[in-house]
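To start, the structure under review is shown below, and the notes come after it.
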Amino acid sequence: MIIDCHGHYTTAPKALEDWRNRQVASLSDSSQVPRPSDLSIGDDDLRESIEQNQLKKMRERGSDLTIFSPRASFMAHHIGDFSTSATWAAICNELIHRVTRLFPDNFAGVAMLPQSPGVRPETCVAELERCVKEYGFVGINLNPDPSGGHWKEPPLSDRWWYPVYEKMVEYDIPAMVHVSTSCNACFHTTGAHYLNADTTAFMQCLTSNLFKDFPTLRFIIPHGGGAVPYHWGRFRGLAQDMKLPPLEEHLLKNIFFDTCVYHQPGIDLLLKVIPDDNILFASEMIGAVRGIDPYTGHPFDDTRRYIDAAAQLSLEQRHKIFESNARRVFPRLDAQLQAAGR
Ligand SMILES: [Zn+2]
Numbered sequence: 006m007i008i009d010c011h012g013h014y015t016t017a018p019k020a021l022e023d024w025r026n027r028q029v030a031s032l033s034d035s036s037q038v039p040r041p042s043d044l045s046i047g048d049d050d051l052r053e054s055i056e057q058n059q060l061k062k063m064r065e066r067g068s069d070l071t072i073f074s075p076r077a078s079f080m081a082h083h084i085g086d087f088s089t090s091a092t093w094a095a096i097c098n099e100l101i102h103r104v105t106r107l108f109p110d111n112f113a114g115v116a117m118l119p120q121s122p123g124v125r126p127e128t129c130v131a132e133l134e135r136c137v138k139e140y141g142f143v144g145i146n147l148n149p150d151p152s153g154g155h156w157k158e159p160p161l162s163d164r165w166w167y168p169v170y171e172k173m174v175e176y177d178i179p180a181m182v183h184v185s186t187s188c189n190a191c192f193h194t195t196g197a198h199y200l201n202a203d204t205t206a207f208m209q210c211l212t213s214n215l216f217k218d219f220p221t222l223r224f225i226i227p228h229g230g231g232a233v234p235y236h237w238g239r240f241r242g243l244a245q246d247m248k249l250p251p252l253e254e255h256l257l258k259n260i261f262f263d264t265c266v267y268h269q270p271g272i273d274l275l276l277k278v279i280p281d282d283n284i285l286f287a288s289e290m291i292g293a294v295r296g297i298d299p300y301t302g303h304p305f306d307d308t309r310r311y312i313d314a315a316a317q318l319s320l321e322q323r324h325k326i327f328e329s330n331a332r333r334v335f336p337r338l339d340a341q342l343q344a345a346g347r
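So the number in the numbering used here is just where the residue sits in the sequence shown, counting from 1, plus 5.
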């Protein structure tokens, strides 16, 4: 089967955005705070928003299951305070849960956390537990920069984050390291902030002993790992100068990269540089880049085509990238699939 490890609910019914706009407006007028129960989206609307969009494209492109989380740019952890984020995360996660119930064969849930700038990450543990225990979610998205482009939190290697890691290890779930919208005019959200964050997260891990403290902790660095594969020699050289072990030993038991690189030469480089045990198929569809590549006539984010066209891959390597790596990195997904006879 083909598992896409990176999809967001970017096509949720407009009522969700309207509710969020009311919540944001209420930050300057506390008499107008909307209640979660003010948001009403029926199953038919949810079904249509998926069938006409993600599921349609999954069928056209030939992927079977998408690991699905709330819209990343809408997490906007910088807005309001912890309670703003807590209500918003609970609403968004519940919608993901309902999608996974409506389409259990095609979607598995990943949670957004109710992060808020400067607020200790242990405040997110309750929502994480709820999503794993009650909703059967198989992972989380962890935002290393809840400030939205101003980088106020300690690095991911700091003990500040450890309460979340302890829960991840306890539940054996990975985190995709995924920022949200940029509110810093210097950084375009999907063109700069996302890729900067991917590169930054990798370097934070490299300069630390995080995975000595948590040998089974697993991070997926999305968007093909930002600049990491392209500059692999730089990272190897930096690690060597710092007297650190080779990166394969130091980081690659814990760090994985997705295939959200939207052209063939980029995918070819990723496949050449990063071991095939560390690459998970993903498209981030329907996401940041929705157009057709005039060079190929195909959508930029139809990433299966690039893997299919990579002639150097053996059948076994292809199987790892499309399926077995995802089942290894998301053991709770593997258990659910096995229970369903898949
Ligand atoms: Zn994403």
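The beta carbon of each residue, even a glycine, is placed where N, CA and C say it ideally should be. This structure is a prediction, so every number in the text was calculated from the model and none was measured.
(1) Is the separation between the beta-carbon of His228 and that of Ser152 shorter than 7 angstroms?
(2) Helix or strand or just coil, what does DSSP make of Leu35?
(3) Using a Cβ-Cβ cut-off of 6 angstroms (strictly less than) and excluding sequence neighbours within five positions of His255, which residues of its own chain qualify?
(4) In the structure shown, what three-state DSSP assignment does His324 receive?
(5) I'd like the ranges of any alpha helix (DSSP H) spanning at least 4 consecutive residues and lying wholly in the segment 119–205.
(6) State buried or exposed for Arg164, treating a residue as buried only when at least 16 other CB atoms are found within 10 Å of its CB.
(7) Under 6 angstroms from any heavy atom of ligand 1, does the C-beta of Ala180 make it?
(8) With a threshold of 6 angstroms, establish whether the CB of Ala344 neighbours any heavy atom of ligand 2.
(9) For Val233, which of helix, strand or coil comes out of DSSP?
(10) If you draw a straight line from the alpha carbon of Ser187 to that of Ala197, how long is it in whole angstroms?
(11) Compute every distance between the C-beta of Ala331 and the non-hydrogen atoms of ligand 1, then say whether any falls below 6 angstroms.
(12) One question on the structure: do Ser54 and Pro18 come within less than 7 angstroms of each other, judged by their Cβ atoms?
(13) If we call anything under 7 angstroms between Cβ atoms a contact, is Leu147 one with Val182?
(14) Would the beta-carbon of Ile226 fall within 7 angstroms of that of Phe262?
(15) When you compare each of Phe216, Ala340 and Asn259 to Arg223 by their alpha carbons, which one comes out closest?
(16) With a threshold of 16 other CB atoms inside 10 Å of the CB of Thr16, please say whether the residue is buried or exposed.
(17) Just to be sure I understand the criterion: a residue counts if its Cβ is closer than 5 angstroms to at least one heavy atom of ligand 1. Which residues meet that?
(18) What do you reckon, are the CB atoms on Asp49 and Ile7 nearer than 7 angstroms?
(19) Starting from Val294, trace the alpha helix (DSSP H) in both directions and tell me its first and last residue.
(20) Buried or exposed for Thr221, please, with buried defined as at least 16 other CB atoms from any protein chain shown within 10 angstroms of its CB.
(21) Within this structure, are the beta carbons of Thr105 and Gly12 separated by less than 7 angstroms?
(22) How is the alpha helix (DSSP H) around Gly271 delimited, first residue to last?
(23) May I have the straight-line CA-CA distance separating Arg295 from Val143, to the nearest angstrom?
(24) Count the other CB atoms, across all protein chains shown, that sit within 10 Å of the CB of Arg64; report buried if there are 16 or more and exposed otherwise.
(25) With contact counted as at least three CB pairs below 8 angstroms, one residue from each stretch, are the segment 266–276 and the segment 312–328 in contact?
(26) Would you tell me roughly how many angstroms separate the C-alpha atoms of Val137 and Tyr176, rounded to the nearest one?
(27) Given Ser31, which residues of its chain have a CB within under 7 angstroms of its CB, disregarding the five upstream and five downstream residues?
(28) When the distance is taken between beta carbons, is Val169 closer than 7 angstroms to Pro126?
(29) Could you pull out every unbroken alpha helix (DSSP H) segment of at least 4 residues lying fully inside the segment 31–79, listed in chain order?
(30) Using only CA atoms, which one of Ala331, Leu21 and Trp166 lies nearest to Asp9?
(31) With 16 other CB atoms within 10 Å as the buried threshold, where does His102 fall?
(32) Assuming Asp306 and Gly292 are in contact, meaning their beta carbons sit under 8 angstroms apart, how far apart are those beta carbons, in whole angstroms?
(33) Would you call the segment 202–215 and the segment 105–125 in contact, with 3 or more CB pairs under 8 angstroms?
This is what the structure gives:
(1) Working through the sequence shown from its first residue, we reach residue 228 at position 223. Working through the sequence shown from its first residue, we reach residue 152 at position 147. No, Cβ-Cβ distance for His228 and Ser152 is not below 7 angstroms.
(2) Looking up residue 35 in the sequence shown gives position 30. The amino acid at residue 35 is misidentified as Leu; the sequence shows Ser. Helix.
(3) Counted from its first residue, the sequence shown places residue 255 at position 250. Result list for His255: Leu249, in chain order.
(4) For the purposes of this step, residue 324 is taken as residue 319 along the sequence shown, with counting starting at 1. Three-state result, His324: helix.
(5) 130–138 and 167–176
(6) For the purposes of this step, residue 164 is identified with residue 159 of the sequence shown, where counting begins at 1. Exposed.
(7) Residue numbering aside, residue 180 sits at position 175 when the sequence shown is read from its first letter. Flag unset: Cβ of Ala180 not near ligand 1.
(8) Inclusion of ligand 2 in the displayed structure is not the case, the ligand content consisting of ligand 1 alone.
(9) Sequence index remark: in the sequence shown, residue 233 carries index 228 (1-based). Looking at Val233 - three-state DSSP - the assignment turns out to be coil, as it is neither helix nor strand.
(10) If you number the sequence shown from 1, residue 187 lands on position 182. If you number the sequence shown from 1, residue 197 lands on position 192. Spanning the two alpha carbons is a distance of roughly 9 angstroms.
(11) Locating residue 331 in the sequence shown gives position 326, counting from the first residue. No, the beta carbon of Ala331 sits no closer than 6 angstroms to any heavy atom of ligand 1.
(12) As a position in the sequence shown, residue 54 is number 49, starting the count at 1. As a position in the sequence shown, residue 18 is number 13, starting the count at 1. Going by C-beta atoms, Ser54 is nearer than 7 angstroms to Pro18.
(13) Counted from its first residue, the sequence shown places residue 147 at position 142. Counted from its first residue, the sequence shown places residue 182 at position 177. Yes. Within cutoff.
(14) In the sequence shown, counting from the first residue as 1, residue 226 sits at position 221. In the sequence shown, counting from the first residue as 1, residue 262 sits at position 257. A distance below 7 angstroms separates the beta carbons of Ile226 and Phe262.
(15) Within the sequence shown, numbered from 1, the residue matching residue 223 stands at position 218. Comparing Cα positions, the closest option is Asn259.
(16) Against the sequence shown, residue 16 aligns to sequence position 11. That one is exposed.
(17) Cβ atoms closer than 5 angstroms to ligand 1 belong to Ala77 and Glu289.
(18) Position 44 of the sequence shown, counting from 1, holds the residue named residue 49. Position 2 of the sequence shown, counting from 1, holds the residue named residue 7. Result no, Cβ atoms of Asp49 and Ile7 do not sit closer than 7 angstroms.
(19) For the purposes of this step, residue 294 is identified with residue 289 of the sequence shown, where counting begins at 1. That residue, Val294, is in no alpha helix (DSSP H); it is neither H nor E in DSSP.
(20) Residue mapping note: residue 221 aligns to position 216 of the sequence shown, counting from 1. Its Cβ having fewer than 16 others within 10 Å, Thr221 is exposed.
(21) In the sequence shown, residue 105 corresponds to position 100, counting from 1. In the sequence shown, residue 12 corresponds to position 7, counting from 1. Not in contact: Thr105 and Gly12 (Cβ atoms no closer than 7 angstroms).
(22) Residue numbering aside, residue 271 sits at position 266 when the sequence shown is read from its first letter. Here the alpha helix (DSSP H) through Gly271 covers Gln269 to Val278.
(23) One-based indexing of the sequence shown puts residue 295 at position 290. One-based indexing of the sequence shown puts residue 143 at position 138. The alpha-carbon atoms of Arg295 and Val143 are separated by roughly 27 angstroms.
(24) Residue 64 sits at position 59 when you count from the first residue of the sequence shown. When all chains shown are included, Arg64 counts as exposed.
(25) yes
(26) Within the sequence shown, the letter at position 132 stands for residue 137. Within the sequence shown, the letter at position 171 stands for residue 176. Straight-line Cα distance between these residues: approximately 8 angstroms.
(27) Mapped onto the sequence shown, residue 31 falls at position 26. Excluding residues within five positions, the ones whose Cβ falls inside 7 angstroms are Gln37, Val38 and Pro39.
(28) Looking up residue 126 in the sequence shown gives position 121. Looking up residue 169 in the sequence shown gives position 164. Closer than 7 angstroms, so yes.
(29) 48–56 and 59–66
(30) In the sequence shown, counting from the first residue as 1, residue 9 sits at position 4. Nearest of Ala331, Leu21 and Trp166 to Asp9, Cα basis: Ala331.
(31) As a working note, residue 102 is residue 97 in the sequence shown. By the Cβ-count criterion, His102 is buried, with 16 or more other Cβ atoms from all chains shown falling within 10 Å of its own Cβ.
(32) If you number the sequence shown from 1, residue 306 lands on position 301. If you number the sequence shown from 1, residue 292 lands on position 287. About 6 angstroms separates the two Cβ atoms, so the contact holds.
(33) no
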